[in-house]
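In our numbering, the protein residues as written are 12 to 166. Note that CB positions come from ideal geometry on N, CA and C, so glycine has one too. Just so you know, these numbers come straight off a predicted model, no measurement behind them. A quick write-up on the structure given underneath.
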Amino acid sequence: MARAAGPTTQGVEVVEQAAGRWERSFPPDAGAPRQARVGVEAMLRAADADGAAVAAALVVLSELVANAIRHARTEVTVSARIDGGVLRLEVLDRDTRPPALMGIDSDSTSGRGLHIVAGLSRDWGWQTADADDGVAGKVVWAEVPLDASELFDED
């Protein structure tokens, strides 16, 4: 996707923002998940998305961004777009290691993030990514339906 430089907000460049589409880059900072939630929530509210679907999408987004910050420890770019009643979230980082669903039990203190993403998303996955500057990485993505009745559809 072509990226046009934009204004900065709190020192972070706003890459793209339009109706039903939002994108922003963040440094590897613990505040990134919260900042990403604020931007994506505003986009979803403007699109009149269902409240339960917004809540599910924000949890998924938080997990994807927090995982990238924790494991990749690189700048991340968060993209969100609405298409056909589905929110597609993408988090690009500069680490080529794939995400992995961890085995967890009642004593586990971490490793639940991708299980939460899988449970609240219609689909999720990852793909390798090449940047214009030649640095490789990956994009972890999830698709969340914006109709709350589809969130826990067993079909």
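Might you give, ordered along the chain, the residues of its own chain that have their beta carbon closer than 6 Å to the beta carbon of residue i, omitting 5 neighbours on each side?
i	result
isoleucine 93	Gly31, Ala58
leucine 55	Val65
Note down, in chain order, each residue of its chain lying with its Cβ closer than 7 Å to the Cβ of residue i, except the 5 sequence neighbours on either side.
i	result
aspartate 104	Ala79, Ala83, Thr85, Val87, Gly148, Lys149
alanine 153	Val71, Leu75, Leu100, Val128, Ser132, Trp135
aspartate 141	Ala147
Taking only the alpha-carbon atoms, compute the straight-line gap between residue i and residue j and give it to the nearest angstrom.
i	j	result
aspartate 158	leucine 75	21 Å
leucine 125	alanine 43	18 Å
tryptophan 33	alanine 91	5 Å
valine 23	serine 73	In this predicted model, valine 23 has a pLDDT of only 44, less than 50, meaning its place in the structure is not dependable; the value taken from the coordinates is given anyway. Rounded to whole angstroms, valine 23 to serine 73 spans 18 Å at the Cα level.
alanine 13	glycine 145	Legend: pLDDT at alanine 13 = 33, less than 50; position of this residue unreliable, value from coordinates given subsequently. Their backbone Cα atoms lie some 15 Å apart in a straight line.
Excluding sequence positions up to five away, which residues of its chain have a Cβ less than 8 Å from the Cβ of residue i?
i	result
tryptophan 137	Pro109, Pro110, Lys149, Val150, Val151, Trp152
Out of the options, point me to the one whose CA is closest to residue i's CA.
i	options	result
valine 49	Pro39, Asp61, Arg35	Arg35
alanine 41	Ser160, Val146, Ala77	Ala77
Between which two residues does the alpha helix (DSSP H) carrying residue i extend?
i	result
proline 44	43-57
glutamate 74	62-78
In the DSSP output, what is residue i paired with across the bridge?
i	result
isoleucine 93	Leu98
Start and end of the beta strand (DSSP E) containing residue i?
i	result
alanine 153	147-156
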